[in-house]
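These notes concern the structure reproduced below.
Numbering (the numbering used here), first residue to last: 259 to 509.
Here it is as structure tokens:
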């Protein structure tokens, strides 16, 4: 064995560098230095992978902390979803398929606009989507009424408000792998908030990344609702560019 190792060392040495030192990794026995040349080994690759996974997890957690939603929403998953009728089962299957094909969703920038009557389970379903995707991707959830309140109160009177500022939220809207906006159309309207909402939607539109929205309103109803403050329907037009609308029917 000793002779074999010596032969291998001789093969690695160039004719002009016969006396170069060779150093092997004590763990995997791969050559990590040949003279002045340093080489990565299996241990380095494994460590790099582990460090990248830690960084990804830290990044995912940072978006989770910035999410504007109730704490209980993080516990709403496909495992706890109740298929109370055939429509709910269809939505469950559709949403699960969306998550399972999220690599394709990102590449093709396929967003969703989920609308339906109050109480059918739109918000719960969107939380199931975000909590499943959050296992491997960065996800930002925004409940619009909470977002409006945060902006109005100057980040001072809302739970966890000290962690938020508008610039940080908009930066996260631009960079997150997925953004989920819940309950658009129920917020108190006004020129000020419509401007804030348009900025949020437009930034996401420019990012060319998927967006999921829930609402009690169809896109036409939403456009009519906003018409006083959004005369040209810019918000709904941007949503149409990004999202496929799907109606969640009740029983």
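We put the CB at the ideal spot given by N, CA and C, even for glycine.
Closest residue to residue i among the options (Cα-Cα distance)
i	options	result
residue 504	445, 372, 380, 432	372
residue 488	475, 406, 500, 454	454
residue 380	429, 424, 439	439
residue 475	333, 378, 327	378
residue 411	502, 424, 457	424
residue 327	459, 477, 295, 405	405
residue 403	432, 444, 436, 366	444
residue 447	461, 464, 483	483
Residue i in three-state terms, based on DSSP
i	result
residue 474	coil
residue 336	coil
residue 432	helix
residue 329	helix
residue 378	coil
residue 492	helix
residue 297	coil
residue 464	helix
residue 401	strand
residue 350	helix
7 Å Cβ shell around residue i - same chain, five flanking residues per side excluded
i	result
residue 481	491, 494
residue 353	383, 386, 387
residue 321	396, 397, 398, 430, 434
residue 334	382, 385, 386, 389
residue 392	318, 322
Local Cβ density within 10 Å of residue i, reported as buried at 16 or more and exposed below that
i	result
residue 340	exposed
residue 343	exposed
residue 510	With the chain covering only 259 through 509, there is no way to say anything about residue 510.
residue 349	buried
residue 286	exposed
residue 281	exposed
residue 466	exposed
residue 376	exposed
residue 472	buried
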